[in-house]
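Residue numbers (the UniProt record's numbering): 1 to 334.
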């Protein structure tokens, strides 16, 4: 995930749209590779390897943007809170891809803009009109359709049914991050933001390794999502090591590309292009894992994406009298 820092825009919307599409494509490849590795490696090992490689790349970009001084901050607790929320949101989402189709998990994550709309009322004191409230209702109806609570579940599958909510939990955590950042404001360069986040990924992954890196807790759970989190660390094969390296390179590129995109164009212009990630996720699910969405998933996707676009359009209409006001990305992970 990433957030664009409110640094003066270069106002190049064409390049901004190209960067957001490239960044989202990178995210879809990242998600596909993590799902590919989920059967043999623990999530915290994958995240640690990805963060280590990505951090090396981002430190180079940090030097190009101004050097180590950019890491100084007057709001260290904000960066800490952002980092924790990003890590929890990412791990919730990636745990979900181990147990459900990639397209379905991605579609469910896209309720994040709807959560942001709801949270902006009590936290930011914003007024939400009937159009956006209606869109929120329709979007969450799409979540219900995709979860199919009326369908008979196999005996003992209650935990698995709850695990299907992981992408929604991820979206809620990400929405809290966005609202927190909108409330407090961030003036840090994109590279410095990415450094803080990658360091947090490393710290949390190290904590998982110290507590459960030998896999001692894995057999206590039947859920594949929990086992993905608690597997023992494994020395990767040469082929898998290349995949780990690719994940790190993609992570470094995505974090910077998305932040740069939101500096070059208004969020109301380029944010809808984040939904390019949904057909890409469905494509990878079909091409790599043989997953094809069932009718309920297609209907839920349509409701969630339609609701999200309505929210974007209403936000764009509200922001027209204030052309200098900028908003961050609302539904992108990295």
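C-beta atoms are modelled at their ideal positions from N, C-alpha and C, and glycine is treated no differently.
- Its Cα nearest to that of residue 104, the residue 167 stands out among 237, 38 and 167.
- Residue 21 places its beta carbon less than 7 Å from that of residue 273.
- Residue 247 counts as buried, since no fewer than 16 other beta carbons sit within 10 angstroms of its beta carbon.
- Take the alpha-carbon of residue 93 and the one of residue 87: they are about 10 Å apart.
- In the structure shown, residue 106 falls within a helical segment according to DSSP collapsed to helix, strand and coil.
- Under the Cβ criterion (8 Å, minimum of three pairs), the segment 38-46 counts as touching the segment 218-236.
- Distance from the CA atom of residue 213 to the CA atom of residue 296, rounded to whole angstroms, is 38 Å.
- Excluding five sequence positions before and after residue 116, the CB atoms of its chain that fall closer than 7 Å to its own CB belong to 175, 178, 179 and 330, given in chain order.
- Distances from the alpha-carbon of residue 12 to those of 144, 124, 269 and 287 put 269 closest.
- Cβ contact annotation for residue 293 (same chain, cutoff 6 Å, sequence separation greater than five): 103, in chain order.
- Between residue 58 and residue 195, the C-beta gap is smaller than 7 Å, which places the two residues in contact.
- According to the DSSP assignment, residue 73 belongs to no alpha helix (DSSP H), since it is labelled neither H nor E.
- With fewer than 16 neighbouring CB atoms inside 10 Å of its own CB, residue 235 falls in the exposed class.
- Annotated as proximal: residue 257 and residue 19, with beta-carbon spacing under 7 Å.
- Assignment of residue 233 by DSSP, reduced to helix, strand and coil, places it in the coil class.
- Counted as a single uninterrupted DSSP element, the stretch harbouring residue 98 is not any alpha helix (DSSP H), since DSSP gives it neither H nor E.
- In this chain, the alpha helix (DSSP H) harbouring residue 121 covers 112-124.
- Secondary structure note for residue 282: its alpha helix (DSSP H) is the uninterrupted segment 277-289.
- For residue 131, the enclosing alpha helix (DSSP H) starts and ends at 130-147.
- For residue 294, there is no enclosing alpha helix (DSSP H), since its DSSP letter is neither H nor E.
- Around the C-beta of residue 288, fewer than 16 other C-beta atoms lie within 10 Å, and the residue is accordingly described as exposed.
- Put simply, the backbone Cα of residue 17 is about 43 Å away from that of residue 215.
- Taking all protein chains in view, the Cβ of residue 66 is surrounded by fewer than 16 other Cβ atoms within 10 Å, so the residue is classified as exposed.
- Take the alpha-carbon of residue 50 and the one of residue 245: they are about 7 Å apart.
- Inclusion of residue 301 and residue 112 in the CB contact set at 7 Å is not warranted, their separation being larger than that value.
- Where residue 31 is concerned, the enclosing alpha helix (DSSP H) starts and stops at 13-37.
- In the three-state scheme derived from DSSP, where H, G and I count as helix and E and B as strand, residue 217 is classed as coil.
- Using a 10 angstroms sphere on the CB of residue 220, the tally of other CB atoms stays under 16, which defines it as exposed.
- Out of 23, 100, 62 and 132, the CA that lies nearest to the CA of residue 286 is found in 100.
- Between the alpha carbons of residue 15 and residue 254 lies a gap of roughly 15 Å.
- In the three-state reduction of the DSSP assignment, residue 41 falls in the coil class, being assigned neither a helical nor a strand state.
- Per DSSP, residue 223 lies in no alpha helix (DSSP H) segment and is marked neither H nor E.
- In this chain, the alpha helix (DSSP H) harbouring residue 255 covers 238-264.
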